[in-house]
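Residue numbers for the sequence shown follow my numbering, beginning at 5 and rising by one. C-beta atoms are modelled at their ideal positions from N, C-alpha and C, and glycine is treated no differently.
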Amino acid sequence: MSFAGFLDIARKDVDIPSNAPKELLTGLHADFITNYEKKKDSYADTLDRDAILDYIRQCQRADGGFAPAAHHDSHLLHTLSAVQILIMYDALDKFDLDPIAEYVRRLQNEDGSFGGDISSWLFYDRLRWALM
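Okay, here's the thing in structure tokens:
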């Protein structure tokens with residue numbers, strides 16, 4: 005690849021108008037974040053609870069775990085997320101919890117740990133399971 009070809013990789017995919025601000029508008033960014041933080045729960049009512057629970061149901065696999073989407077494999081992380089959403093919607097009674105617990109139990113090692121990749125998010129994922 006030529007140097008010119010390499011530079012073409014970094015080509016902009018949007019045109020920035022000439023009247024766009026030339027400096028970062030930190031005050032506006034701070035106001036946006038502050039206002040968003042104040043209204044963080046205000047969007048929950050706009051979500052269709054039944055549609056969300058139906059989607060979660062579609063993501064549950066035969067092994068008891070949950071996948072990130074229908075027709076994908078189940079994973080401990082997505083199972084945790086599904087259970088957390090069920091708790092948030094007070095909908096644990098809408099699902100059979102025994103297969104979910106069995107799925108998590110099957111992934112647990114004899115010493116109580118869970119196998120898998122070593123990374124910080126997995127540590128927090130497992131900590132959340134322990135706290136639930």
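Check	Outcome
Work out the CA separation of A74 and L101 for me, nearest whole Å.	19 Å
Identify whether F36 lies in helix, strand or coil by the three-state DSSP scheme.	helix
What are the boundary residues of the alpha helix (DSSP H) that includes T50?	No alpha helix (DSSP H) contains T50, which DSSP labels as neither H nor E.
Is there contact here, the stretch 48-68 with the stretch 20-38, by at least three beta-carbon pairs under 8 Å?	no
Can you tell me where the alpha helix (DSSP H) with L96 in it begins and where it stops?	First-last for L96: undefined, no H or E at that position.
Which word fits L90, buried or exposed, when buried means at least 16 other C-beta atoms lie within 10 angstroms of its C-beta?	buried
Spell out the partners DSSP gives H79 in its beta bridges.	F70
In or out: H76 buried (at least 16 other Cβ within 10 Å) or exposed?	exposed
For G69, which residues in the same chain have their Cβ closer than 6 Å to its Cβ, ignoring the five residues on either side in sequence?	S78, T83, Y107
Evaluate L80 with the Cβ neighbour count: other Cβ atoms within 10 Å of its Cβ, from every protein chain shown; 16 or more gives buried, anything less gives exposed.	buried
So, at 6 Å on beta carbons, what are the nonlocal neighbours of Q64 in its own chain, with the 5 sequence-adjacent residues on each side left out?	F70
For the alpha helix (DSSP H) that contains D102, what are its first and last residues?	101-111
When burial is assigned at 16 or more other CB atoms within 10 Å of the CB, is I20 buried or exposed?	exposed
Which residue's Cα is closest to the Cα of D58: F118, E41, Y93?	Y93
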